[in-house]
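Right, one structure below, let's go through it.
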Ligand SMILES: Nc1ncnc2c1ncn2[C@@H]1O[C@H](COP(=O)(O)OP(=O)(O)OP(=O)(O)O)[C@@H](O)[C@H]1O
Ligand SMILES: [Mg+2]
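Protein chains in written order, with our numbering: chain A, 383 to 775; chain B, 12 to 252.
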């Protein structure tokens, strides 16, 4: 019997027991729905994180003090002198920026807002995709002379100066008045979470927060291939200067991506296990109903054999019926899963990612369940004795 | 066409063996019309199952159209059943979800006949049994006699060498039984080999030859005289079925 005929017979028999078939495929449907939805949302999230990290740049690295240590030995903090010496000794470096962060109040007139106050240097604007909309980022000479200037994001600017442009206005950070020399477009990523940013020269930052210190060093090379060596040479110099080991930790893009992949890998595994169990249960349901179907249709099987069906024709017929049943569940599940993914993503505010691979995988998986769990009933049908089967009522 | 030599069929040979067929030898020519008679349990259905390649004999040899089938495997037997044998059952055995037309097409699906030819051939055979006006009906919408006619059409579609009918009129009233027998008679006239099991002498009277069974043994082999045949009443219009 041809494949199209077999499928027709399968659909006929599914239609004849519609309610039962729908209930049977429910398990498969729910399993596939869950997998598709979770994977789509997960991949969408991963892609968002990756995009975020790509902004970080592949020619970038950061060196931080080991954050796992409760107490750092004294004399290990980064100094401005470290920066000068590293710059002089690591030729691959294009930029080396001492950076410092804190979260604090920004005032203008009678308004006050919280923002992240980041001390950095002119090179920051080159290493990061900061989009300056008005004015400029501070220059090297601003940094060296310690001019009291600030670059703030547009949203903060609007909140502090609702009536006029913030450019050229004074803002108050800590006890220092700073001149707004540039505005940049606020990021609209879901991970920014509404945080406002203020960039000021590191020297100025250290003046405002004399108790704080440089919290990390950011380096950039001309060639992305040189990031590792530049980072390692820098760390060596720091270790030698501060006579300590394993205290300075470098991070580059590659390591960050690996870290994210590790997290998503674990997530995928957990989802996979849950999905596996739900599909297993669904598959057992299909097997059960197929066994019922074989029993109910014993006479039909006997007749088909009498009319010339070979054992493998019968086997195939029931196998195809099981596969069609699972695919119906799988396809419905896919549709529901994609819908669910868009719904969840709308709430989580990142785009879902429904890849062809996921859809194909779900499709293949439902078919595979049909084959695995259809095999026993189909085999039972194929091994019936035609005379016995014909006599059954 | 058919040659059986010392066929035995023993059910449950280990525990308490039932000798359903014992040393049956027979020869049936192509185009013959044979009735098989005998009391209940005498082995008539068992004989039909062996003849129809649904079952294999415990011993003995069976040639069908010059081929020895007693030692074939199940796939080969399926193919023989499909191409060489047409079954007609007492309870019709039509698939309830399919229309009459689809039921008749069924044996051709396993013969791999392509779609268009399949339908044309099915309609041909349905016409032979006079059921063209009911092709889209399901079995539940047909009378017993009509169901049996569709079943005969189904038995005919692959142009089998023999038609095997195990009590085809067993579930029918006498009027429908006569109609069915006239169909068999016209098939016989077209040189189809027919073997038919029956309890009723009036039905057996349509055949040319009657085999009598008792306790699994062939006890009598009777050729009915042509005069006898002529004596069977033909209803009006019976000729043009
Ligand atoms: N599968 C089986 N297992 C055991 N014994 C069987 C089996 N099938 C048939 N028999 C026995 O074989 C003998 C012949 O049975 P068969 O069905 O051929 O009789 P029959 O002549 O067709 O009878 P009826 O006229 O009642 O249909 C009977 O005694 C029956 O009990
Ligand atoms: Mg019988």
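C-beta: ideal position from N, C-alpha, C; glycine also. From a predicted model like this one, the values you see are computed outputs, not experimental measurements.
Asked	Found
If residue 219 of chain B sits next to residue 234 of chain B, beta carbons under 8 Å apart, how far is it from one beta carbon to the other, in whole angstroms?	7 Å
Excluding the 5 residues flanking residue 402 of chain A on each side, which residues of the same chain have their C-beta closer than 7 Å to its C-beta?	671
Should residue 675 of chain A be counted as a contact of ligand 1 given a C-beta to heavy atom distance under 7 Å?	no
Going by beta carbon distance, what residues of the same chain come within less than 7 Å of residue 76 of chain B, once the five residues before and after it are set aside?	12, 95 and 172
For a test of your reading of the model: does the CB of residue 31 of chain B fall under 7 Å from any non-hydrogen atom of ligand 1? Yes or no.	yes
Following the continuous alpha helix (DSSP H) through residue 188 of chain B, name the residue where it begins and the one where it ends.	185-200
With residue 715 of chain A and residue 404 of chain A assumed to form a contact (beta carbons below 8 Å), what rounded beta-carbon distance in angstroms separates them?	Contact flag wrong, Cβ pair sits at about 13 Å.
If we define contact as Cβ-Cβ less than 8 Å, is residue 122 of chain B a contact residue for chain A?	yes
With 16 other CB atoms within 10 Å as the buried threshold, where does residue 773 of chain A fall?	exposed
Which runs of the beta strand (DSSP E), 3 residues or longer, sit entirely within the region 539-584 of chain A?	552-555, 558-566 and 579-583
For residue 427 of chain A, count the other beta carbons within 10 Å of its own beta carbon; 16 or more makes it buried, fewer makes it exposed. Which is it?	buried
Straight-line CA distance for residue 700 of chain A to residue 37 of chain B?	40 Å
With distances taken Cα to Cα, identify the nearest neighbour of residue 718 of chain A among A:522, A:523, A:634 and A:744.	A:744
Following the continuous alpha helix (DSSP H) through residue 643 of chain A, name the residue where it begins and the one where it ends.	635-678
What residues from chain B crowd round residue 689 of chain A, counting only those whose CB sits closer than 8 Å?	92, 93, 98, 117, 118, 121 and 165
The alpha helix (DSSP H) with residue 763 of chain A in it runs from where to where?	738-764
Is there at least one non-hydrogen atom of ligand 2 closer than 7 Å to the beta-carbon of residue 20 of chain B?	no
Roughly how many angstroms separate the alpha carbons of residue 585 of chain A and residue 500 of chain A, rounded to a whole number?	11 Å
Could you please tell me which residues of the region 384-416 of chain A, in chain order, have their CB closer than 8 Å to any CB of chain B?	384, 387, 394, 395 and 398
Consider the C-beta atom of residue 55 of chain B and the heavy atoms of ligand 1; say whether any pair is separated by less than 7 Å.	yes
So, does the CB of residue 772 of chain A fall closer than 8 Å to a CB anywhere in chain B?	yes
Assuming residue 816 of chain A and residue 485 of chain A are in contact, meaning their beta carbons sit under 8 Å apart, how far apart are those beta carbons, in whole angstroms?	Since the displayed chain A opens at 383 and closes at 775, residue 816 of chain A lies outside it and no answer follows.
When you compare the CB of residue 108 of chain B with every CB in chain A, is at least one pair closer than 8 Å?	yes
Enumerated in chain order, which unbroken segments of the beta strand (DSSP E) with a length of 3 residues or greater are wholly contained in the region 470-552 of chain A?	475-490, 493-502, 514-517 and 531-535
Assuming residue 599 of chain A and residue 565 of chain A make a contact with CB atoms under 8 Å, what is their CB distance in whole Å?	The pair is not a contact, with the Cβ atoms about 27 Å apart (cut-off 8 Å).
Might you give, ordered along the chain, the residues of its own chain that have their beta carbon closer than 8 Å to the beta carbon of residue 697 of chain A, omitting 5 neighbours on each side?	760, 761, 763 and 764
Please find out if some non-hydrogen atom of ligand 2 comes closer than 7 Å to the beta-carbon of residue 177 of chain B.	yes
Give me the residue from A:409, A:768, A:658 and A:488 with the minimum Cα distance to residue 561 of chain A.	A:488
Looking at residue 119 of chain B: is its Cβ nearer than 8 Å to the Cβ of residue 129 of chain B?	yes
Looking at the unbroken alpha helix (DSSP H) that takes in residue 716 of chain A, where does it start and where does it end?	693-730
Please tell me whether residue 19 of chain B has its Cβ less than 8 Å away from any Cβ of chain A.	no
Have a look at residue 202 of chain B and residue 40 of chain B and give me their C-alpha separation to the nearest angstrom.	11 Å
Would the region 12-26 of chain B count as touching the region 133-150 of chain B if we require 3 or more Cβ pairs under 8 Å?	no
For a contact defined as C-beta to C-beta under 9 Å, what are the partners of residue 86 of chain B on chain E?	Absent here is chain E; the protein component of the structure consists of chains A and B.
Around the Cβ of residue 212 of chain B, are there at least 16 other Cβ atoms within 10 angstroms (buried) or fewer (exposed)?	exposed
I want to know whether the region 434-445 of chain A touches the region 606-615 of chain A - three or more CB-CB distances under 8 Å.	yes
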